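In this note's numbering, each residue's number is its place in the sequence shown (first place is 1) plus 299. Even glycine gets a Cβ: it sits at the ideal position worked out from N, Cα and C. Computed from a predicted structure; not experimentally measured.
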Amino acid sequence: MIVRYIVRLYGLVQGVGFRPYVYNVAINFNLKGWVSNEGSSLILDIEGEKQDIKNSLLKIIKTPPPISQIKVVLAKKETPYYYKDFTIRSSKSNNENSKFLLPDIRICKDCIRDIYDKDSKWYRYPFTSCTNCGPRYSIIKAIPYDRESTTMKEFQFCNECKTMYKNPSERRFHAQTLCCRNCGPTLELLDNKNNKINCDDPVSEVSKLIENGNIVAIKGIGGFQLCCDGSNDEAVKKLRRRKNRPHKPFALMIKDIKAAYSYAYINEKEKEILKSKEAPIVLLKSKDNKKLSKYISPNINSLGIMLPYTPLHSLIFQYGLEVLVMTSGNISGNSIEYKNNQAIENLKEIADYFLVNDRKIEIPIDDSVVKVLDNKLLISRLGRGYAPYYLNYDIGNYN
Numbered sequence: 300m301i302v303r304y305i306v307r308l309y310g311l312v313q314g315v316g317f318r319p320y321v322y323n324v325a326i327n328f329n330l331k332g333w334v335s336n337e338g339s340s341l342i343l344d345i346e347g348e349k350q351d352i353k354n355s356l357l358k359i360i361k362t363p364p365p366i367s368q369i370k371v372v373l374a375k376k377e378t379p380y381y382y383k384d385f386t387i388r389s390s391k392s393n394n395e396n397s398k399f400l401l402p403d404i405r406i407c408k409d410c411i412r413d414i415y416d417k418d419s420k421w422y423r424y425p426f427t428s429c430t431n432c433g434p435r436y437s438i439i440k441a442i443p444y445d446r447e448s449t450t451m452k453e454f455q456f457c458n459e460c461k462t463m464y465k466n467p468s469e470r471r472f473h474a475q476t477l478c479c480r481n482c483g484p485t486l487e488l489l490d491n492k493n494n495k496i497n498c499d500d501p502v503s504e505v506s507k508l509i510e511n512g513n514i515v516a517i518k519g520i521g522g523f524q525l526c527c528d529g530s531n532d533e534a535v536k537k538l539r540r541r542k543n544r545p546h547k548p549f550a551l552m553i554k555d556i557k558a559a560y561s562y563a564y565i566n567e568k569e570k571e572i573l574k575s576k577e578a579p580i581v582l583l584k585s586k587d588n589k590k591l592s593k594y595i596s597p598n599i600n601s602l603g604i605m606l607p608y609t610p611l612h613s614l615i616f617q618y619g620l621e622v623l624v625m626t627s628g629n630i631s632g633n634s635i636e637y638k639n640n641q642a643i644e645n646l647k648e649i650a651d652y653f654l655v656n657d658r659k660i661e662i663p664i665d666d667s668v669v670k671v672l673d674n675k676l677l678i679s680r681l682g683r684g685y686a687p688y689y690l691n692y693d694i695g696n697y698n
């Protein structure tokens, strides 16, 4: 006998590939109906055999998409409508107060594979992402989370990406940040007088500039980062002088976890956090590494280390660099710069060059800083990867 249920899921259920996941589960269990984003929730209207609906919901709830979090499930039985198929419907807004927004997510292993695969359309493309990774919080303008509600709205799909977006068998099925070099954001290299540097590959050029002792302001997911070679004493001293930051330690970005072991003592919990989807700066006990500039963390036996968390970061390290100073793109005491023109104006006395792009940042956000104490994560600065942060709070049953 055909039955119908309307199910609403609350939590981190938008921008994580949940609608395409539900679509494929529904097709697998021969269910009819639809799924849609509504407000900050996900709503399913499903029809089919009762046992098939039960099994599909158990699968959805127990094994959801990897970066999603279901907080609340509400289900209501309705009179069958006798849908002919199962579809993904356009999103709807509503007036609900509960709003769950997904943090920005570190590039996933599949996308890393894409950017180094010469046969992939994303080969060396610095804005590669999918339903499991990429910018979320920093680009969102409104909910529900759809491309039209983000700063990706300005980039229209090319025919190939559009076909991929609509294909249920594709990893990027309904991926809202989907783009490629034919239709997505682009890089531009400028000097600190706002003159364009003509070059075939801005990424390799930036790597050379850093190797030669220059300071480069790089536009990241949540704002600009000031970057220089962490093994170059003169470059680090220059950054300290220009940023008016004489003593405070600089954060480092290191090529990979293997290289990180030569700079700091890292236990299993710290390794897990460094490689996590949040990819924060982790405060670690430093090792005596002669390659590292002594001006990184003067008179302190700890280092703040993170690993590359965007395709752009990963690509910059492919030309011989191993350790970079990666500090907030701001004048000490001010907020992080995130708009191209303002960043150039305000940071031109600090940076020699600027690597900018044309994807706008809606919500600026700095890197998170964490440490491990008694094998537990402690957040020192709540930022990219963790923010917005939601607490599980049970108010109990009051009668």
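Check, Outcome
"Measuring only the C-alpha atoms, how far is Asn674 from Lys568?", "6 Å"
"Do Ile630 and Ile514 have their beta-carbon atoms positioned less than 8 Å apart in this structure?", "no"
"Determine, using beta carbons only, whether Ser530 and Lys590 come nearer to each other than 8 Å.", "yes"
"So, using beta-carbon positions, are Lys576 and Ile366 closer together than 8 Å?", "yes"
"Looking at the strands, I want to know which residues DSSP matches up with Arg303.", "Glu346 and Glu377"
"Using a 10 Å radius around the Cβ and a threshold of 16 neighbouring Cβ atoms, would you call Leu241 buried or exposed?", "Here the chain has residues from 300 to 698 only, and residue 241 is not among them."
"Assign Ser601 to one of three DSSP states: helix, strand, or coil.", "strand"
"For Asn336, I'd like the list of residues in its chain whose CB is within less than 6 Å of its CB, leaving aside the five on either flank, ordered along the chain.", "Gln313, Ser390 and Pro443"
"Just the C-alpha distance for Thr450 and Ile438, rounded to the nearest angstrom, thanks.", "5 Å"
"Closest by CA to Arg471, which one among Ile509, Pro501, Asp409 and Gly682?", "Asp409"
"Please identify the residue among Val315, Asn656 and Asp500 whose C-alpha is closest to the C-alpha of Ser291.", "Because the chain spans 300 through 698 in this model, residue 291 falls outside it and cannot be assessed."
"Measure from the alpha carbon of Gly628 to the alpha carbon of each residue in Leu602, Tyr436, Pro319 and Pro663, then state which is nearest.", "Pro663"
"Closest to Pro467 by C-alpha separation, out of Lys440, Thr386 and Glu487, would be which residue?", "Thr386"
"Under a CB-based cut-off of 8 Å, is Val371 close to chain C?", "You won't find chain C in this structure, because it holds only one protein chain."
"Quick test of the definition: if touching needs 3 or more C-beta pairs under 8 Å, does the segment 531 to 546 touch the segment 669 to 687?", "no"
"Let me make sure I understand the geometry here. Which of Thr609, Glu621 and Leu477 has the alpha-carbon closest to that of Gly519?", "Thr609"
"Measuring straight from C-alpha to C-alpha, what distance separates Asn566 and Met552?", "18 Å"
"Determine contact between the segment 338 to 345 and the segment 317 to 329, defined as no fewer than three beta-carbon pairs at a distance below 8 Å.", "yes"
"Alpha carbon to alpha carbon, how far is Pro363 from Ser397? Give it in angstroms, no decimals.", "Annotation note: pLDDT 49 at Ser397 (below 50); position unreliable, coordinate value reported separately. Rounded to the nearest angstrom, the two C-alpha atoms are 21 Å apart."
"Going by the beta-carbon positions, is the gap between Ser667 and Ile580 smaller than 8 Å?", "yes"
"Return the chain-ordered list of same chain residues with a C-beta closer than 8 Å to the C-beta of Leu422, the five sequence neighbours on each side being excluded.", "Note that residue 422 corresponds to Tyr in the displayed sequence, not to Leu. These residues qualify, in order along the chain: Asp413, Ile414, Tyr415 and Asp416."
"Comparing C-alpha positions only, which one of Arg435, Leu623, Ser634 and Asn458 sits nearest to Ser448?", "Arg435"
"Please confirm whether Leu508 and Leu525 have their CB atoms less than 8 Å apart.", "no"
"Taking the C-alpha atoms as reference points, what is the distance between Ile700 and Gly521?", "This structure does not reach residue 700, given that the chain is present from 300 up to 698, and the question cannot be answered."
"Are Cys479 and Cys498 closer than 8 Å when you measure CB to CB?", "no"
"Hey, would you say Gln350 sits closer than 8 Å to Gly310, going by beta carbons?", "no"
"Please look up how many angstroms separate the CB atoms of Ser613 and Lys586, rounded, as I've assumed it's under 8 Å.", "That pair is no contact at about 24 Å."
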